[in-house]
Amino acid sequence: MASTSDKLHDPSAIDNLTQPPQASSITMSPAAIISEAASNGASNGTTNSNDAGQTQAPVFLNTQPDSDHDWKITLRGKVVAITGANRGIGLGLAQVCLANDAKEVYSLDLFEPGEEFQQLAIANPKRFHYLNCDVTNEESVIKTIDQIVAQSGRIDGMIANAGMTKHQPALNFDRPQLEQLFNLNVFGAYFCATAAAKKFIELGIKGSIVFTASMTSYRPNRAGPSAPYGGTKAAVRNMAHTLAMEWAKHGIRVNSISPGFVRTQMTAKIESAPDFQLKMQYYGGMPRLADPRELGGAYVYLLSEGATYTTGIDIPVAGIVGAW
Ligand SMILES: NC(=O)c1ccc[n+]([C@@H]2O[C@H](COP(=O)([O-])OP(=O)(O)OC[C@H]3O[C@@H](n4cnc5c(N)ncnc54)[C@H](O)[C@@H]3O)[C@@H](O)[C@H]2O)c1
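The sequence shown begins at 1 in the UniProt record's numbering and counts up by one.
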């Protein structure tokens, strides 16, 4: 009998495992999509034309859950990768994913995990792992995703979360500083999304990708000047919409979350500024920073089968702070 992991390496097998037995749904493995596109002479698999010049409907992998789905919002059975989950928001998201029954969560991080990571790993034996990965290096990302599949047999979700900011007046940024921000926040997120998508397609998994964008993708951060950072996050939020459109045919969903102020090392300086309370007062909304775990429910939803028709959106989770 074929093992589960054998089946996972056969895209048509996994499609049969996960598709609802509904006559109306189009069920087709990625390999089948490619061969159908090829036999119709299509170059990109999105639109097939026949000799008479008629356009046929594109073939889409259907993301609907099985007919016996219990409609609970849960990550039961899912393997999720989170970049930058050794601390901060990523670590909080890992905790909420594990609390919502994710089978395993991998932190893809550049630095060795600390005490907080170890505590969560001990509380969730064999379910929370660290893999060394530099998301700015595409090879490193691909190798790490391969390692997840080798260890766990599958990958269902990718949270492209690792990122950094720099607060200083726009006129003071030099090119190396800009490159550092864009390399991590935009190129890193892009490599994670594309590497995960390629693996989902290879394995026939209807995966979910969630980017951590930011409220600064919508409007300025009045607590600290950070024009390039806002630019990187606007790029990420925009990318999510376009990738969602491109990859719908593969059954891959792509969304983003825009946090407001969250209590992590990134915001330590903002919170300790002498005029912080006054700034918060004038921001409006909830005059406090979020615990990273308060973002988790939105990510869990987007990663879950509860969100099979949710793609290409951004969810601001910001206590309506500065939402003007
Ligand atoms: N903290 C906030 O208020 C806030 C608000 C909006 C958006 N965000 C975004 O949330 C994400 C997480 O922020 P945070 O506050 O938890 O930051 P953080 O600095 O606490 O954590 C970032 C993590 O990313 C890791 N990392 C850095 N470079 C990496 C690389 N090249 N490869 C892999 N991992 C790398 C770090 O080691 C760290 O564990 C970022 O994208 C940030 O822009 C944060």
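Positions of the beta carbon are idealized from the N, C-alpha and C atoms, including for glycine. Predicted model, so just to flag it, every value in this text is computed and none were measured.
Here DSSP, grouped into helix, strand and coil, assigns residue 220 to coil. Under the three-state reduction of DSSP output, residue 183 falls in the helix class. DSSP lists 106 as the bridge partner or partners of residue 129. Secondary structure in the region 261 to 313: the alpha helix (DSSP H) runs of 4 residues or longer, each lying completely within the stretch, are 268 to 272, 276 to 283 and 296 to 303 in chain order.
Using a 10 angstroms sphere on the CB of residue 214, the tally of other CB atoms reaches 16 or more, which defines it as buried. As summarised for the region 59 to 118, the continuous alpha helix (DSSP H) elements at least 4 residues long and confined to that stretch are 88 to 99, given in chain order. The three-state secondary structure of residue 142, taken from DSSP, is helix. Cβ neighbours of residue 89 within its own chain (closer than 7 Å, five residues either side excluded): 161, 212, 259, 262, 264, 292 and 295. Between the region 233 to 244 and the region 188 to 195 there are three or more inter-stretch CB-CB distances shorter than 8 Å, so the stretches are counted as touching.
The Cβ-Cβ distance between residue 304 and residue 78 falls below 9 Å.
C-alpha of residue 206 to C-alpha of residue 301: approximately 15 Å in a straight line.
Secondary structure of residue 173 (DSSP, three-state): coil. As DSSP reads the structure, residue 160 sits in a beta bridge with 211. In the DSSP assignment, residue 255 falls within the unbroken beta strand (DSSP E) covering 253 to 259. In summary, residue 228 is buried, with 16 or more beta-carbon neighbours lying within 10 Å of its beta-carbon over all protein chains present. Residue 266 sits away from residue 158, with the two beta carbons spaced by 9 Å or more.
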